[in-house]
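Everything below concerns the one structure shown next.
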Amino acid sequence: MRYISQMYNFVHTAQVLTARGSPNINAIEVFAMTSVKKFASHADTEEKKVTFEQLSEHAYAYTAEGDPNTGIIIGDDAVLVADTQATPVMAQDVIRRIREVTDKPIKYVLLTHYHAVRVLGASAYNAEQIIASQDTYDLIVERGEQDMKSEIERFPRLFNAVESVPGLTWPTLTFQKKMTLWMGKLEVQILQLGRGHTKGDTVVWLPEEKTLLSGDLVEYGATPYAGDAYFQDWPATLDAIAALKPEKLVPGRGAALKTPQEVADGLAGTRAFVSELYAKVKSGASEGKDLNAIYKDTFATLKPKFGDWVIFDHCMPFDVTRAFDEATQYPDPRIWTAQRDKEMWETLEG
């Protein structure tokens, strides 16, 4: 809480300086002074257009041109929200759109994984249960505080009204591998199909409607963030998703996928990025190249194919660093802190 308050005061000071017409300065630039070199995301200050659309009888998608998505399941007697947005204030827009189509209570919040940008808006929903895999719960215990601090500094725009965050989001109900939730007569399967984006990745599956909410295991026209990834496991987890034969899918970022072909394209694109990046990094490591050289080689190799995907420049330093770790000496992701973020960014982008 103290950190969030300090962050709010800092951004507020920047906004005051901007309002007073201080030359050559804006709020994001002042905020970024805590870094030796700004993250690529600090230049991203444009709000995105939100789309709220129905995918199947009970499933809706809240998407925003590559910003983090939220999936909604409206059952017979209640609503489930998968991924909450980054702050309670931002979550209010999701709630407003839900209320345009139903007055059923929002009983369940589902965390597809532990990242702050996905979970810190949870308090706005006043849900009876906050559901997550046990692995996600364990990650919050181990590194939730550090992740919250680093994510807020990485991408200020995505944490609008950060002062409204009451603290970490704690699951109240955990599961291992599979949980079935009956929302009246609607069967909702909550599945942990394997590691990929994180150790605790969870998807929501409506078997009768062939509709899946994937979290960040699948992206569409958006660069997968892989700073906490398991590169060698991720393709197999995508295979497990494909085996369900979803016909509609809400990805972690990017437009909702509304046909079987779009779903296949989303899975294939995510697989290609993850596999090609890891292969390039592993090859460089086996040749004895250092991280800086591998980063430059990998960036140059992937840029022509994936460079137009949302947040490509932002994700690549984190993704290559994690891939290098996995290919050399760290099978499990190291904890990201605000200080480690800055040191890594300056080393690779300075």
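According to our numbering, the sequence shown is numbered sequentially starting from 2. All residues carry an ideal CB built from backbone N, CA and C; glycine is no exception.
Taking C-beta to C-beta, are Ile-73 and Ile-99 nearer than 8 angstroms?
-> Locating residue 73 in the sequence shown gives position 72, counting from the first residue. Locating residue 99 in the sequence shown gives position 98, counting from the first residue. Using a Cβ distance threshold of 8 angstroms, Ile-73 and Ile-99 count as a contacting pair.
Please report how far the alpha carbon of Pro-69 lies from the alpha carbon of Glu-220, in whole angstroms.
-> To locate residue 69, count along the sequence shown from 1; it is residue 68. To locate residue 220, count along the sequence shown from 1; it is residue 219. Across the structure, Pro-69 and Glu-220 are spaced so that their CA atoms are roughly 10 angstroms apart.
Could you please give me the residues that DSSP links to Tyr-226 through a beta bridge?
-> Here the question's residue 226 lines up with position 225 in the sequence shown. None; Tyr-226 has no bridge partner.
Terminal residues of the beta strand (DSSP E) in which Glu-263 lies | Taking the first residue of the sequence shown as 1, we reach residue 263 at position 262. Looking at the DSSP string, Glu-263 is not in any beta strand (DSSP E); the run it does join, the alpha helix (DSSP H), is 261–287.
Output yes or no for whether 8 angstroms exceeds the beta carbon distance between Ala-223 and Arg-254.
-> For the purposes of this step, residue 223 is taken as residue 222 along the sequence shown, with counting starting at 1. For the purposes of this step, residue 254 is taken as residue 253 along the sequence shown, with counting starting at 1. Closer than 8 angstroms, so yes.
Using a Cβ-Cβ cut-off of 7 angstroms (strictly less than) and excluding sequence neighbours within five positions of Gly-195, which residues of its own chain qualify?
-> Start at 1 with the first residue of the sequence shown, and residue 195 comes out as number 194. Closer than 7 angstroms at the Cβ level, and outside the excluded window around Gly-195, lie Asp-234, Ala-237, Thr-238, Ala-241.
Going by CA-CA distance only, name the one from Lys-304, Pro-172, Lys-186, Thr-85 that's closest to Asp-139.
-> For this step, residue 139 is matched to residue 138 along the sequence shown. Put simply, of Lys-304, Pro-172, Lys-186, Thr-85 the residue whose alpha carbon is nearest the alpha carbon of Asp-139 is Pro-172.
Beta carbon of Ala-162 nearer than 8 angstroms to that of Val-118 | Counted from its first residue, the sequence shown places residue 162 at position 161. Counted from its first residue, the sequence shown places residue 118 at position 117. Going by C-beta atoms, Ala-162 is not nearer than 8 angstroms to Val-118.
Where does Ile-26 sit, in a helix, a strand or coil, going by DSSP?
-> As a working note, residue 26 is residue 25 in the sequence shown. Residue placement at Ile-26 is flagged as unreliable, the pLDDT there being 35, under the threshold of 50; the coordinate-derived value follows with that caveat. Ile-26: coil per DSSP, three-state reduction.
From Glu-263, Thr-329, Phe-319, Ile-107, pick the residue whose C-alpha is nearest to that of Met-184; which is it?
-> Taking the sequence shown and counting its residues from 1, the one referred to as residue 184 is at position 183. Residue Ile-107 is the option with its Cα nearest to Met-184.
Quick one: using the 10 Å Cβ neighbour count with 16 as the cut-off for buried, is Ser-42 buried or exposed?
-> Residue mapping note: residue 42 aligns to position 41 of the sequence shown, counting from 1. The predicted position of Ser-42 is uncertain, since its pLDDT is 49 and thus under 50; no value can be drawn from it.
Cβ-based neighbour list, Thr-260, same chain, cut-off 8 angstroms, excluding 5 preceding and 5 following = In the sequence shown, counting from the first residue as 1, residue 260 sits at position 259. Excluding the 5 residues flanking it on each side, Thr-260 has same chain C-beta neighbours closer than 8 angstroms at Glu-248, Lys-249, in chain order.
Among Asp-314, Ser-124, Gly-201, Gln-190, which one has its Cα closest to the Cα of Leu-245?
-> Position 244 of the sequence shown, counted from the start, is the residue given in the question as residue 245. That would be Gln-190, whose Cα lies nearest to the Cα of Leu-245.
Expected contact under 8 angstroms - CB spacing of Thr-64 and Ala-243 to nearest Å = Here residue 64 refers to the residue found at position 63 of the sequence shown. Here residue 243 refers to the residue found at position 242 of the sequence shown. About 21 angstroms; that fails the 8 angstroms criterion.
Taking one C-beta from the stretch 204–211 and one from the stretch 299–314 each time, how about it: are there three or more such pairs within less than 8 angstroms?
-> They do not touch, by the three-pair rule.
Do Gly-228 and Phe-313 have their CB atoms nearer than 8 angstroms?
-> Taking the sequence shown and counting its residues from 1, the one referred to as residue 228 is at position 227. Taking the sequence shown and counting its residues from 1, the one referred to as residue 313 is at position 312. Not closer than 8 angstroms, so no.
Could you tell me if Asp-84 is buried or exposed, where buried requires 16 or more neighbouring beta carbons within 10 angstroms of its beta carbon?
-> Counting from 1 along the sequence shown, the entry for residue 84 is found at position 83. That one is buried.
Alpha-carbon spacing of Glu-146 relative to Pro-157, whole angstroms | Residue mapping note: residue 146 aligns to position 145 of the sequence shown, counting from 1. Residue mapping note: residue 157 aligns to position 156 of the sequence shown, counting from 1. Note on geometry: alpha-carbon atoms of Glu-146 and Pro-157 lie some 17 angstroms from one another.
Look up Leu-187 in the DSSP assignment and give the residues it is bridged to.
-> What you label residue 187 is simply residue 186 of the sequence shown in a count that begins at 1. Paired residue(s): Met-184.
The beta strand (DSSP E) enclosing Phe-53, as first and last residue numbers = In the sequence shown, counting from the first residue as 1, residue 53 sits at position 52. According to the DSSP assignment, Phe-53 belongs to the beta strand (DSSP E) that extends over 52–55.
Does DSSP put Phe-176 in a helix, a strand or coil?
-> Taking the first residue of the sequence shown as position 1, residue 176 is located at position 175. Strand.
Determine the DSSP secondary structure at Ala-117, reduced to helix, strand or coil.
-> Along the sequence shown, one-based indexing puts residue 117 at 116. Ala-117 falls in the helix class under three-state DSSP.
Taking buried to mean at least 16 other C-beta atoms within 10 Å of its own C-beta, is Gln-340 buried or exposed?
-> Here residue 340 corresponds to residue number 339 of the sequence shown, with the count starting at 1. Exposed.
Across which residues does DSSP place Ala-243 in a beta bridge pair?
-> As a first step, residue 243 must be located in the sequence shown, where it is residue number 242. BP columns for Ala-243 are empty, so no partner.
Whole-angstrom distance between Leu-292 and Leu-278, CA atom to CA atom = Counted from its first residue, the sequence shown places residue 278 at position 277. Counted from its first residue, the sequence shown places residue 292 at position 291. Distance from the CA atom of Leu-278 to the CA atom of Leu-292, rounded to whole angstroms, is 13 angstroms.
Give a yes or no on whether the C-beta atoms belonging to Ala-92 and Gly-67 are separated by under 8 angstroms.
-> Here residue 92 refers to the residue found at position 91 when the sequence shown is read from its first residue. Here residue 67 refers to the residue found at position 66 when the sequence shown is read from its first residue. At least 8 angstroms separates the beta-carbon of Ala-92 from that of Gly-67.
To the nearest whole angstrom, what separates the beta carbons of Ala-60 and Thr-212, a pair I think is in contact under 8 angstroms?
-> Counting from one through the sequence shown, the residue named residue 60 turns up at place 59. Counting from one through the sequence shown, the residue named residue 212 turns up at place 211. Ala-60 to Thr-212, Cβ: 4 angstroms. Contact.
Own chain residues within Cβ distance below 7 angstroms of Lys-283, not counting five before or after | Position 282 of the sequence shown holds residue 283. Within the same chain, and ignoring the five residues on either side of Lys-283 in sequence, the residues whose Cβ sits closer than 7 angstroms to its Cβ are Ala-328.
Nearest to Glu-152 (by Cα), restricted to the options Glu-347, Leu-349, Lys-343 = Indexing the sequence shown from 1 puts residue 152 at position 151. Ranking the options by Cα distance to Glu-152, first place goes to Lys-343.
In the structure shown, what three-state DSSP assignment does Arg-254 receive?
-> As a working mapping, residue 254 is identified with position 253 in the sequence shown. Strand.
So what does DSSP say about Leu-218, is it helix, strand or coil?
-> Along the sequence shown, one-based indexing puts residue 218 at 217. Here Leu-218 sits in coil by DSSP.
Proximity to Trp-346 [Cα-Cα], best of Thr-322, Gln-330, Pro-334 = Indexing the sequence shown from 1 puts residue 346 at position 345. Closest by C-alpha distance to Trp-346, out of Thr-322, Gln-330, Pro-334, is Thr-322.
Option in Met-149, Thr-199, Glu-210 with minimal Cα separation from Pro-167 = Position 166 of the sequence shown, counted from the first residue, corresponds to residue 167. Ranking the options by Cα distance to Pro-167, first place goes to Met-149.
Among the residues of its own chain, which have a CB less than 7 angstroms from the CB of Glu-188, if the five just before and after it don't count?
-> Translated into the one-based positions of the sequence shown, residue 188 becomes position 187. Within the same chain, and ignoring the five residues on either side of Glu-188 in sequence, the residues whose Cβ sits closer than 7 angstroms to its Cβ are Thr-181, Pro-208, Glu-209.
Taking Pro-225 as the reference, give the member of Pro-252, Pro-332, Glu-54, Ala-128 with the closest Cα.
-> Here residue 225 refers to the residue found at position 224 when the sequence shown is read from its first residue. In this structure, Pro-252 is the residue among Pro-252, Pro-332, Glu-54, Ala-128 with its C-alpha nearest to the C-alpha of Pro-225.
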